[in-house]
Amino acid sequence: MHRYRTHTCGALRPDHAGQDARISGWVHRKRDHGHLLFVDLRDQHGVTQCVADSSSAVFKILDAARPETVLCITGKVVPRSAETVNDKLPTGRIELVAKDAEVLSEAAVLPMQVAGEQEYSEEMRLTYRFLDLRREKMQQNLLLRSAVIASIRRRMWEAGFVEFQTPILTASSPEGARDFLVPSRIHPGKFYALPQAPQQFKQLLMTSGFDRYFQIAPCFRDEDSRADRSPGEFYQLDFEMAFVTQDDVFNTITPVLAGVFEEFGKGRPVTKAPFPRITYADAMLKYGSDKPDLRNPLLVSDVTKAFEGSDFNLFAKNIQKGAVVRAVPAPKSAEQPRSWFDKLNDWARENGAGGLGYVIFGEGMAAKGPIASKLSPERLKMIAETVGVGPGDSVFFACDQEEVAAKFSGLVRTKICDELGLLDKEKFMFCWIVDFPMFERNKDTGQIEFSHNPFSMPQGGMEALTTQDPLTIKAFQYDIVCNGVELSSGAIRNHRPDIMYKAFEIAGYTQADVEARFGGMLNAFKFGAPPHGGSAPGIDRIVMLLADEPNIREVICFPMNQQAMDLMMDAPAELPPEKLRELHIGLRLPPPRKD
RNA sequence: GGGGGCGUAGUUCAGUUGGUUAGAACGUCGCCCUGUCACGGCGAAGGUCGCGGGUUCGAGUCCCGUCGCUCCCGCCA
């Protein structure tokens, strides 16, 4: 008999009745009847009920074992009588009559319970993550994560991709998020950086002649956390393809993603390939977001014309100053009480808007509401037709400068959808967002900057850069969005040094700047680089969607908390002076807080 | 850096208009119980009400400050 187990805790069935078996695992629950004791022993694979009565030699050992004690129990597999079968457990038709028991590891009194549905603060869960991870939901989430990654690997291999690892200690990148830095012992005063993404390396692999590369790549960014953004580090399905157009990239990765979501989506419908493509401009207009949740059926419309020169002075004056009006329909809301509209108005104020104008279309399209009387029948008709509403619907308005109005109308769209319960949650709805602008004007400095990845190829290439207003140039830059979550950004890259110099020149960088910052990659492109492009869907976010978890930390084994601290390992931590000396580092700390 | 929410037993929470000894559940410990599977019954221990200050005859409760956790904004090429 094996030292620890002949079966896992999920394996035994009535077929095994009469056999001697040995199982090892954690004490999940105990039911103590005085002279009869039930112990549920748990491992990754399941739970098995073990039983002993007070005449048994092992009774004392089992009786003394606290929950989460690790036991090895040997005994006879016995079928349960009809009245004692437990249909909730796969092993519920048998039990193990304990003949021998060994404590493999004693458990102290627990700070949090593993069995049961009790909810615990995240602080508690992360401090005792090893206990938290024993719980059923977390086991499921992480097993799902493992299976998703395995499936992605298989699908990528089948699509002809090869997997490589790229450096973790690399150079700081001047664009993008803050880097995590690692001091060099050998080179005083110099630092490595952890990669924000293997961006340049994957482009160099293309230049090295590999046709299709992928990697489940760790990425490090020193940015503040969000529910869908773990601080510090996360994983991407990083991939890149040579000699491809944007369509080739879409056609290659769409079946991978659709396949993974169909495989693990538990029957929830998934957008069929090809995924719809929405231009960035359209997304901002119709959804008020560059990551629209297509499960939300509402569409935003521009109704500036209906308010231009109208008697509703507030909007009319703003329009003269360049503002636009965006409208969000609220189907079948005309019967909502006045308080419903007032509540939404308050909500708008809390979210930084002046308020939320609305018109209610009653029976026969009779318009009601505070601003309805200021709008002529023609204007009201224009609004109803543009927005696509009829009797019984209402329409909400956001009036501001275009960018602000677009963003706020997106918030309103989400809010109205929530209020009216219009979101179809049991779906995965994908889309590509395409035609991102290449450049944008920095609101504070007035400078023209890259709006996304500086390595993206401008649409129209060199000609566009030399002849077009930079702010009108689009890039071969795209995002993939699922249920309002941005899964990844990608692009057809700029593999031409001449076009790169020009693009950077427009963003205010000299040739020397570009060489200093991106010398490695730029140099490589001077020796023959294939046209290439790719993307990098976020693994954690994919698993989060599939697990139906609202928080990305639910699908990460050992995440840091919002303050970027690992409560279990106690990181970050101070270092002894000799270690700092070795790294040529002196501390200049902020003054201590007054107490 | 800014805003919202939360902070009471080991844990999750309740705690009325400011008023006697701050409660419940789970967990822990003890006793009883031979068919439970969220076993049950009886009992016990367990509290700096995050911390500091203030108002008051009296503060878990009101005020000010501060710390911690979390969600959001900024940030995230």
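Heads up, the first sequence is in this note's numbering, so the first residue is 940 and it goes up one at a time.
We treat Cβ as the ideally placed atom computed from N, Cα and C, and that holds for glycine.
Helix, strand or coil at residue i according to DSSP, with G and I counted as helix
i, result
"SER1427", "strand"
"GLU1056", "coil"
"TYR1152", "strand"
"PRO1469", "coil"
"MET1051", "coil"
"ALA1021", "helix"
"LEU1043", "strand"
"GLN1416", "strand"
"TYR1067", "coil"
"LYS1256", "helix"
"LYS1307", "strand"
"ALA1037", "strand"
"LEU1506", "coil"
"ARG1527", "coil"
"PRO1270", "coil"
"GLU1513", "coil"
"ASP1534", "Any reading at ASP1534 is ruled out, since the residue's pLDDT is 37, under 50, leaving its predicted position unreliable."
"GLU1102", "strand"
"LEU1143", "helix"
"ALA1403", "helix"
"PRO1397", "strand"
"ASP1241", "strand"
"PRO1157", "strand"
"PHE1251", "coil"
"SER1112", "coil"
Through-space distance from residue j to residue i, alpha-carbon basis
i, j, result
"ARG1352", "PRO1476", "26 Å"
"ARG1151", "GLN1104", "14 Å"
"ALA956", "GLU1034", "9 Å"
"LEU1314", "LYS1366", "40 Å"
"ALA1245", "GLY1399", "36 Å"
"ARG1500", "ILE1481", "The question names Arg, but residue 1500 is Asn in the sequence shown. Cα to Cα, the separation comes out at about 20 Å."
"ASP964", "ASP1479", "Contrary to the premise, residue 964 reads as Gly rather than Asp in this sequence. About 29 Å."
"ASP1177", "ILE1091", "11 Å"
"ALA1468", "ARG1432", "11 Å"
"HIS941", "LEU1083", "30 Å"
"LYS1533", "LEU1143", "Interpretation of LYS1533 is limited by its pLDDT of 42, a score under 50 that renders its predicted location unreliable; the figure taken from the coordinates is listed afterwards. Approximately 51 Å between the Cα atoms of the pair."
"GLY1204", "LYS969", "35 Å"
"HIS946", "ALA1503", "41 Å"
"PRO1157", "LEU1426", "15 Å"
"GLU1102", "ASN1190", "20 Å"
"ASN1235", "VAL1267", "12 Å"
"LEU1253", "PRO1309", "13 Å"
"VAL1042", "LEU1010", "5 Å"
Buried versus exposed, by CB contacts within 10 Å (16 or more), residue i
i, result
"SER1333", "buried"
"PRO1498", "buried"
"SER1390", "buried"
"GLY1248", "exposed"
"ASN1080", "buried"
"CYS1496", "exposed"
"GLY1525", "exposed"
"ARG1380", "exposed"
"PRO1050", "exposed"
"PHE1466", "exposed"
"LEU1485", "buried"
"SER993", "exposed"
"ASP1487", "exposed"
"HIS1126", "exposed"
"CYS948", "buried"
"SER1060", "exposed"
Segment limits, alpha helix (DSSP H) that includes residue i
i, result
"ILE1088", "1075-1097"
"PRO1516", "1516-1521"
"GLY1261", "No alpha helix (DSSP H) contains GLY1261, which DSSP labels as neither H nor E."
"LEU1120", "Segment 1120-1122 is the beta strand (DSSP E) holding LEU1120; no alpha helix (DSSP H) there."
"LEU1461", "1450-1464"
"ALA1486", "1478-1486"
"PHE1497", "Here PHE1497 belongs to no alpha helix (DSSP H), and DSSP marks it neither H nor E."
"LYS1282", "1277-1289"
"ALA1136", "It is not in any alpha helix (DSSP H) - ALA1136 carries neither H nor E in the DSSP assignment."
The beta strand (DSSP E) enclosing residue i, as first and last residue numbers
i, result
"PHE1300", "1296-1300"
"PRO1213", "No beta strand (DSSP E) holds PRO1213; DSSP gives it neither H nor E."
"TYR1131", "1130-1132"
Next item on the list: Taking only runs that begin and end inside the stretch 1318-1390, name each unbroken alpha helix (DSSP H) of 4 or more residues, in chain order.
Entry: 1341-1359
Check: Residue ranges of each alpha helix (DSSP H) run of no fewer than 4 residues wholly in the stretch 945-1032, ordered along the chain?
Finding: 998-1003
Next item on the list: With a floor of 4 residues, list each alpha helix (DSSP H) that falls wholly inside the stretch 1159-1196, ordered by position along the chain.
Entry: none
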